[in-house]
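Asker: Dropping a structure here in C-alpha cells format, bear with me for questions.
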Amino acid sequence: MPLTKTETALSQPIIQLIEVSKTYSTHGVQALNEISLTIEPGEVVAFMGESGCGKSTLLNIMGGIDRIDTGTIRLLGQEITHSTDAQLTELRREKLGFVFQFFNLLSTLTVAENVALPLELAGRDSAETVFKKVATLLSQVDLSERAHFYPAQLSGGQMQRVAIARALVHEPQIVLADEPTGNLDSKNGQRILKLLTNYCHKHQQTLLIATHSRAAAHYADRVIQMRDGRIESIDPSNTPTGTFA
Amino acid sequence: MNGHRHHHVLGFLTRAFIVRNLMQNKLRLLLTILGIMLGVAILLAINLANHTSLERFKQSLDLVAGQTNLEISPVAAYDMDETLLFTLPWVWEKQGHFTPVIVQTAVPADGSRHLIYVLGVDMLADFRYRPFEWETTGQPGDPLDILKRNRVYVGHSFAKQNQLKIGNTLNLLIHDRQQSFEVAGILAEKGLSAAYDGNFIMMDIATAQTVFHMPGRINRVDLIVPTEQRAQVQQRLKKELPPGLQVTVPERQGQQAEKMLKAFQLNLMALSFIALLVAMFLIYNTMSISIIRRRTDIGTLRALGTARWQIMALFLSEALVQGIAGSLLGCGFGVFLATQAIKGVSSTVEILYTGMAVSGVEISGPILLQAFLLGVGLTVLSALPPVLEAASVSPAEATRRGSFESKVQNLSAILPVISLILWGLAYWAAQQPSVDGFPIYGHTASLLTVLGVALVMPWFLKYTLRLLKRPMKGLFGAEGRLAVENLQGALARTSVAVASLMVAIAMTVSLAVMIGSFRTTVKAWVQQSIQADIWIEPLWRKLNAKRRINPEVSKKIRSIEGIAYVDNFLEFPIEYNGQPANIAVGEFDVFAKKGNLQFLDGEATRDVMNRALKEDAVIVTETFAYHHHLKKGDTVTLETPQGPLTRPIAGIYYDYASEHGYIVMPWTLYRQHYEGNLLSGIAIYLEKGVQPETVRAEISQRLDNQTGLNIVTQQGLRQEVIRIFDQTFAITYALHVISITVALLGIMNALFALVLESRRDFGILKYLGATVQQIRRIVLIEAGLLGFLGNLAGLAVGFALSFLLINVINRQSFGWTIQFHWPLDFLVQTFALIMITAIISGLFPAHLAGKTLAPNALRDE
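Protein sequences appear in the order of chains A and B.
Everything in the first sequence is counted per our numbering, starting at 5 for the first residue and increasing by one.
Everything in the second sequence is counted per our numbering, starting at 226 for the first residue and increasing by one.
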C-alpha cells in the first residue's frame, strides 16, 4: 500500500540511496561510485557537474528507469533495489513525473493529448476528469490556447511547458528534471525553472534537477556537486521551503 | 586522378553508410531478401513448369518426327484414307521417302492414370525416319516377330517402370476394350525412347490399325525429302493432295502446341508476376524506410559536398546488393518450387491440352538468367523513386526532422489526382482489344488500377485513420489511440505497407471472385447442359479426346428397357484458320427433344436444333465464335475429306468444355463429308420414372462388364466436371498463398521499421509509466490496423480487378462469359486469416518494442 504524501513527509526521507554504484557494462564506465544520499519530502535538489559526471544516471536510478549494480535505494519508504519492472512501471506511473532536456513530446499528439498521456496510460480517470485535469494544468502553464496545437507548431519554451504539464498532471510526489533548461535560452530557462519550482513547492512535491547551469542551481534548496560518479560536495545554502516570486 | 578520388570517397561512404546500415538491420535485411526471393522464386517456378511441360511435349513431337521433314495430315478430320500412299510414288523420283504413321494413346490396364502414346509405324522401314537402337537385353528374338500381330516395342523407361522384359504380356486399354500384347523388343535409352516422358510404345502399323479400329486409315504420312527438293515437293503436294489434307513441316506441330497452350501459360505467367509485384512494394517499402531514416545524414553529406550522383550510387548499390542476394536465393528456391509447381501445371496441361504427363523439371539457363535479371532489375527499379527523392532534396530540407513525412502529407492531396488519371487510363485500356490473342491491355488496366490505388493510399489513410481514432480509443484505450497516431504520423511508411498488402489481397480476392464466379457459372452450365441420365465414354477420355467407342456398343444397348433416346457423340480436334478448335457431332433430333443448351440470344434449344437439321447448319460455342469473330447466321468453312464444307451457324451457345471452342454438326452432315463411325461417347436419356442405376447395371451386363468403358450417371458426370475444374485452378490458389506471404513479410518489415522509428516514443512512454504490455499492445494494434486497412483496400480493389479479370482478361484469352458471383465464405475466411497473420507478424516487433530501454532510446536522440 503506497504511503500518502503527508504520511511520507512526516515519517521518513522520500528518497534514500545507500552506497549505490552503477557501471555500464558495454563501455565499462563507472557512472556512479558508492553514492549515499537522503532527500526529504518537498525538497528541491539540484545535481550539478560536468557532462558524464553521473547526474543523469543518478536521476534515472532514482526514477526507477535504470538499475544499480550494488547498494540500496529506498523510494517513498519502499526499497526498490530489487523491484520488478512491473513494480517500477507502476511507481513511475503513480508517483513520478519526468521532464527532459529535449522535451520528448510525442510529435503525433496535440498539446492536450501529450499532457493527458500519463492519465490515459493509467486508465483510471474518466474522460471528463482527464479533460479537467489537463485543462487546469494547461492554464497553469499558460498554454490553454495552444491545447490543440502539435509540438512542431510550438516554440522551445512552450514545448518545455507542455512537458512540465505532462510531468505534473498525475500529481506525482517526485518530479525528475534532466537538464530542463539545457535546450532553452536563458530567459525561457528562468521562466521554466520558476514555474517548476513554484509549482512543486506549492504542492509539496520533491523536485530533482540535473543541470550544469549555475542559474538553475539558484532555485534549489540544496545543490549537490558531482564528479566522476561521486558526490563532491553538498551545498545547503537555500532553504527548503522557500518560494520564488 | 579525379576518378580515383571518387572511387575512394564512394568506397568509404559505402562502407560507412550502406554496409554498416545493412549489418545493423540484419532482420529487416533478411525479410527484404526473403520477399525478393519469394517473388523471384514463384515467377521462376511457374516459368520453369510452363517451359518444361511445353518443351517436353515439343521434344516428344520432335523425337517422334525424327528425320521427317514434311508431314501430310488431315486439317479438320480425325484420320485419313491410307490409299493416299498409292498416289505418292513420285516422291521416290525426287530421292524422297514416305511412310504411314498412326499416333494414338492407350492406358495401362493396371490402373495407373497416365496415358501411353502409341506410335503405329511400318516397322520394316521406320528406322529411316526415327532411328532407334535396341537395348542389349531387349533385342527382338526373331526379326520377323515385328510382323506378327499384337507385338509391341516399349521405350526404355516405360519398360523399367513396369519391369517389362521380352516375352512379357502387357495389357492395355485401347479405346473401349482391354487388349493384350507381347513385349517383343525394348528400345535403348536414348532418342525415341524418351518421347512423351518415357510413356511410349511402338507397334507395327497393321497391328495399330486393327486394335484402334482404324482399318485402312492412318493419322499421318511422314516424308523425308532432300533439303533442296523440299520446297518443290511441298508445292506439288499442296496442289495434288485430296481435299481436307495439308502438307506441313514437322516444326509446325510444336508451333501448334505452343498456340494451344499460349493463353493458359501467358495467364499463369501474369499471375505469377503478382508475387513479384508485391515483392516490388516490399523493396520500395524497405528502401524508402532505409532512406527516410537516414535523410538527415543525407542532408549532412550533401552539405559537406557529396554529389547527387554519389548519393544515388550509394543507395542504388544497397538495392543492388539486396536484389542480387534475393534473386540468387530466389533462383535456387524457384527451382525447388518448380518441382512442386510442375505437378499442378502438368496435370492441367495434361487434362486440358496435351494428354502428356510430365515429371521432373527442365532447368533452362536462359529462364534462370531472365528471372535473376528481372529480380535484380525490379529491385533497383522499386528503389529508384525513394533514391531519386533523396538525391533531389536540398541539404537544408533533408536535415530538417520529418521533412519527408510532411512532404508526403502535402502530396497526399495531389496524389489522388494522379490516381484519377491512372484510373482513367485503366478504363481506356480495358476497352482495347487483345493483341495477338493476349489481353495485354487487360493486364495493363489491372496494373494501372493497382498503381492508382497505391498512390491514393496516403490520402485514404489520412482520412480513414482520422475516423478510426475515436473508435480505436473506445476499443483499446490509450494504446488504441497511440497506435492510430503512430501510423498517422508515419503516413509515408504506413501507405507503402498497406499498399503492398492491398496488392496481394486484391489479387487474391479478384481471383477468388473470378474462380468462384467461373465455378458457379460452370456448375449452372453443367446442371443445364448435362441432361443425359447416363453417359458412356472410353476410360480416360478426359485425358485424350481421341479415345473412341465402337458404335456396336450403342447398338447393343439401344434395346434396353427404359432407355428413351440414345445420342451418339463424337469429337475430334481440328485446325480452323490456323487456330486449334474442335468438331463435335451429335444427334440433333435427340437434342431438339431433350437437350437444354443455353444460346446467347436466348433461343430455345428445340428451335435451333430443328432449324439446324432443316438447313444442314451447325451450331458453335461462344468461345469459337469469339475467337473467330463469328455471329449467328455467319458461315463456317471446314476442310473435309470431301472438299471444303461451308455451312451457316444456326446458333451460338454457352460452353465451358474447351477454350478453343466447338463446331457442332448433326450426324447426317458428318456422314456426307467424313469417314469413320467410331464414337467419343454415348449419352442416354431414360424414360420418365426409370432408375438410372438399374439401367446402368443392365448396360454393364450387356457389355459384358467391358473394362475400357466408363459408365456414369448424370450426377457422376456433373461431379467429374467440377472435380476437373477445381484441379485446374488448384495452382492458382497456391500462387496466391505465396503472394500473401510476401505481403505479410512486407507488414512485418514495415512494423520493424515503425518500431525502430518509434523507439524514442516508446522510451518516453516508458518514462511516463507505460507498461511493457501496453507498448506491445500498441505495436500489435498497429499490426492489426495495417492488416485491417490492407484488407479493406484489398477487398475494394479486388472487386474492381475481378471485373477486369472476368470481362476483359478472361474474355480476351478464352472467350468465356462468366456470371458474377461473390464467394462470400472465402472472402470472410481470407479477411480473418489476414487479420490473424498480420497480428502474428506483429508479435516479434512488439516484443522488440517492449524491450526498448528508456534511457537508451532517448540517449540515441
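Glycine included, every Cβ here is placed at the ideal spot set by N, Cα and C.
How long is the line joining the alpha carbons of B/A608 and B/V265, rounded to whole angstroms?
Answerer: 16 Å
Asker: Between the Cα of A/A156 and those of A/T112, A/E132, A/L188, spot the shortest distance and give me the residue it belongs to.
Answerer: It is A/T112 whose Cα lies nearest to the Cα of A/A156.
Asker: Please list, in chain order, the residues of the region 999-1019 of chain B that have any C-beta partner in chain A closer than 7 Å.
Answerer: From the region 999-1019 of chain B, only Q999 have a Cβ closer than 7 Å to chain A.
Asker: Could you give the distance in angstroms between the alpha-carbon of B/S659 and the alpha-carbon of B/Y666?
Answerer: 7 Å
Asker: Can you find at least 3 beta carbon pairs, one from the region 34-41 of chain A and one from the region 57-66 of chain A, that sit closer than 8 Å?
Answerer: yes
Asker: Just how far apart, CA to CA, sit A/F106 and A/L197?
Answerer: The alpha-carbon of A/F106 is positioned some 15 Å away from that of A/L197.
Asker: Report yes if the C-beta distance between B/L398 and B/V332 is below 7 Å; otherwise report no.
Answerer: yes
Asker: Decide yes or no for the touch test of the region 945-961 of chain B against the region 739-753 of chain B: beta carbon pairs closer than 8 Å, at least 3 of them.
Answerer: yes
Asker: Does the beta-carbon of B/W1041 have 16 or more other beta-carbons within 10 angstroms, so that it is buried, or is it exposed?
Answerer: buried
Asker: Take B/V601 as the anchor and find which of B/Q656, B/L541, B/E614 has the nearest alpha-carbon.
Answerer: B/L541
Asker: Does the beta carbon of A/T281 come closer than 7 Å to any beta carbon on chain B?
Answerer: The structure shown does not extend to residue 281 of chain A, since chain A is modelled only from 5 to 249, so the question has no answer here.
Asker: Does chain B have any CB closer than 7 Å to the CB of A/E124?
Answerer: yes
Asker: Which of the three DSSP states is assigned to B/N935 in this structure?
Answerer: strand
Asker: When Cβ atoms are compared, which residues of the region 975-994 of chain B fall closer than 9 Å to chain A?
Answerer: From the region 975-994 of chain B, only R985, D986, G988, I989, L990, K991, Y992, L993, G994 have a Cβ closer than 9 Å to chain A.
Asker: Determine whether the Cβ of B/G705 lies closer than 7 Å to any Cβ atom of chain A.
Answerer: no
Asker: Which of helix, strand or coil does DSSP assign to B/H276?
Answerer: If DSSP states are grouped into helix, strand and coil, B/H276 belongs with the helices.
Asker: Could you tell me which residues DSSP puts in a beta bridge with B/K464?
Answerer: Partner(s): none; B/K464 has no beta bridge.
Asker: Smallest Cα separation from B/K385: which of B/D367, B/S418, B/K373, B/P356?
Answerer: Out of B/D367, B/S418, B/K373, B/P356, the CA that lies nearest to the CA of B/K385 is found in B/S418.
Asker: Using a Cβ-Cβ cut-off of 7 Å, state whether A/F1 counts as contacting chain B.
Answerer: Absent from the structure is residue 1 of chain A, since the part of chain A shown begins at 5 and ends at 249.
Asker: What is the DSSP secondary structure of B/L1088, counted as helix, strand or coil?
Answerer: Past the boundaries of the shown model lies residue 1088 of chain B; chain B is included only from 226 to 1086, so the question cannot be answered.
Asker: The region 89-115 of chain A: which residues have C-beta closer than 7 Å to a C-beta of chain B, in chain order?
Answerer: D89, A90, T93, R96, R97, F102, F104, F106, N108, L110, S111, T112, L113
Asker: Suppose you measure from the CA of B/I844 to the CA of B/Y878; what does that come to, to the nearest Å?
Answerer: 8 Å
Asker: Does DSSP put A/E23 in a helix, a strand or coil?
Answerer: strand
Asker: How long is the line joining the alpha carbons of B/M427 and B/F352, rounded to whole angstroms?
Answerer: 12 Å
Asker: In this structure, how does DSSP classify A/P17 when only helix, strand and coil are distinguished?
Answerer: In this structure, A/P17 counts as coil in the three-state DSSP scheme.
Asker: Alpha carbon to alpha carbon, what distance is there between B/P891 and B/E812?
Answerer: Between the alpha carbons of B/E812 and B/P891 lies a distance of about 6 Å.
Asker: Between the region 671-683 of chain B and chain A, which residues of the former have a C-beta closer than 9 Å to a C-beta of the latter?
Answerer: none
Asker: What separation, rounded to the nearest whole angstrom, lies between the Cα atoms of B/H1072 and B/G971?
Answerer: 18 Å
Asker: What did DSSP end up calling B/H322 once you bin it into helix, strand or coil?
Answerer: It is a strand residue.
Asker: Which residues does DSSP pair with B/S298 in a beta bridge?
Answerer: B/Q471
Asker: Using the C-alpha atoms, what's the distance from B/I592 back to B/G366?
Answerer: Roughly 46 Å between the two C-alpha positions.
Asker: Apart from the five residues just before and just after A/T10, which ones in its own chain have a Cβ nearer than 8 Å to its Cβ?
Answerer: Only weak support is given to the placement of A/T10: the predicted model assigns it a pLDDT of 46, under 50, and the value that follows is read from those uncertain coordinates. Around A/T10: no qualifying Cβ.
Asker: Quick one: grab the DSSP three-state call for A/F135.
Answerer: Correct three-state label for A/F135: helix.
Asker: Using CA atoms only, rank isn't needed, just tell me which of B/A334, B/I1003, B/K991 is closest to A/D89.
Answerer: B/K991
Asker: Among B/F383, B/L295, B/Q480, B/I443, whose alpha-carbon lies nearest the alpha-carbon of B/F282?
Answerer: B/Q480
Asker: Roughly how many angstroms separate the alpha carbons of B/L310 and B/P325, rounded to a whole number?
Answerer: If you take the alpha carbons of B/L310 and B/P325, they lie about 8 Å apart.
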